[in-house]
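See below for the structure under consideration.
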Amino acid sequence: MQLGGAIYLLPSTAGFTIEQRENLITNKSPEGNVVAWRSVRSSRFPAYCLDANLRVARHQQWHRAVFLDAKPQAVGLVADEVQLLPRAETVISPFTPLGLPPTRAGHLFSGAWVTGNRAILVFNPAALASYLQALGEAT
Amino acid sequence: MKVRRAGPRLHALEVPLAGMTLLVPSASVAEVVNPSDLTAVPFSEPWLLGVVGWRTLAVPVVSFEALLGAPVPASHAGGKILIFYPMSGRKEWEFYGVLATAEPRPQALDASQPTVPEAELPNSSYIASGLKIGGQPMLIPDLETMKQAFYP
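For the record, the sequence lines run as chains A and B. Residue 67 in this note's numbering sits at position 67 of the first sequence; the count goes up by one each step and never skips. Residue 1031 in this note's numbering sits at position 31 of the second sequence; the count goes up by one each step and never skips.
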């Protein structure tokens, strides 16, 4: 998925749902961290807009959101572009970021797809969900 | 006339950095590569410059200057990345890189090189000691302390 010009991968082992923008309730208010909600029965799950550095951003140039299956509730992030990659074409190498992990669930990345000298980082789904859930609704 | 006998030789690499020079065992370095576009790692430590693809692995690249609290060199032009073998006790794929400002130079060390007085060493736990070679101080990194910072 493309976030603010940077590309990240989400492993297919992570449970997730891709939603079209028109199926979501967008946040009309310029305030707050949430950019849209996915409504399922009596629950609504927040989606956040992140820039390339994974900091909260607010822009309207997005078409899809990816919702991660997470406890206690699903949480999503909107993406400039989402593409499903064939498993056979994508070899993921293990990767441990150095230094302190930024979330309670550990480092945000657990692997990388290496092509030549370029590395595309692969999210650790549990840590990404933990990070997104910690953003909350406020500014 | 007594001839001073030098001890066994140790092959080392002199690694030029901004404002300092490191000295590392040649055997600890897997390869020296040209810097390419590093993939940034969001929310990482300031000394982690990014990740480079090397062989089939993603290798984190570190600024030793930043580890010591100095500014990160603005440009990588003309620099090299030293790919180090994984630290002791780490997984076999956990190579890491250090950005140098120029091509490392080989040095053959014996017991004849004087040590750098402690007062002349940077006040950092990441420096274990230093040797003077050709009158120039060369700093020997403390890999155990680095390991604690890398894998807390």
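Here a beta-carbon is modelled for each residue, glycine too, at the ideal position from N, C-alpha and C.
Under 8 Å between C-beta atoms of residue i and residue j
i               : j               : result
residue 48(A)   : residue 34(A)   : yes
residue 78(A)   : residue 68(A)   : no
residue 1(A)    : residue 89(A)   : no
residue 1132(B) : residue 1114(B) : yes
residue 1021(B) : residue 1136(B) : yes
residue 1095(B) : residue 1083(B) : yes
residue 129(A)  : residue 70(A)   : yes
residue 1173(B) : residue 1139(B) : An answer regarding residue 1173(B) cannot be provided, because it is not within the stretch 1001 to 1152 covered by chain B.
residue 4(A)    : residue 52(A)   : yes
residue 46(A)   : residue 137(A)  : yes
residue 38(A)   : residue 24(A)   : yes
residue 1102(B) : residue 1016(B) : yes
residue 64(A)   : residue 19(A)   : yes
residue 1060(B) : residue 1019(B) : no
residue 54(A)   : residue 1043(B) : yes
residue 1041(B) : residue 125(A)  : no
residue 1035(B) : residue 1099(B) : yes
Buried or exposed (CB count within 10 angstroms, at least 16 for buried), residue i
i               : result
residue 120(A)  : buried
residue 1080(B) : buried
residue 8(A)    : buried
residue 36(A)   : buried
residue 1001(B) : Note that residue 1001(B) scores 49 on pLDDT, short of 50, meaning its location in the model is unreliable and no value can be drawn from it.
residue 134(A)  : exposed
residue 139(A)  : With a pLDDT of 45 at residue 139(A), under the threshold of 50, the modelled position of this residue cannot be trusted; read the value that follows with caution. Exposed: under 16 other Cβ atoms inside 10 Å.
residue 85(A)   : exposed
Residue i (DSSP reduced to helix, strand or coil)
i               : result
residue 1092(B) : coil
residue 1111(B) : coil
residue 1028(B) : helix
residue 1146(B) : helix
residue 1014(B) : strand
residue 1077(B) : coil
residue 131(A)  : helix
residue 147(A)  : As shown, chain A starts at 1 and ends at 139. That puts residue 147(A) outside it, with no answer to give.
residue 88(A)   : helix
8 Å contact criterion, which residue i and residue j should meet: CB distance rounded
i               : j               : result
residue 73(A)   : residue 43(A)   : 7 Å
residue 1130(B) : residue 1116(B) : 3 Å
residue 94(A)   : residue 111(A)  : 6 Å
(message) With three or more beta-carbon pairs closer than 8 Å as the criterion, would you say the segment 1123 to 1133 of chain B touches the segment 1034 to 1054 of chain B?
(response) Between the segment 1123 to 1133 of chain B and the segment 1034 to 1054 of chain B there are fewer than three inter-stretch CB-CB distances shorter than 8 Å, so the stretches are not counted as touching.
Is the segment 1029 to 1045 of chain B touching the segment 1053 to 1066 of chain B, taking contact as three or more C-beta pairs under 8 Å? Short answer: they touch.
Does the contact criterion of 3 or more C-beta pairs under 8 Å hold for the segment 1067 to 1083 of chain B versus the segment 109 to 117 of chain A? These segments do not touch.
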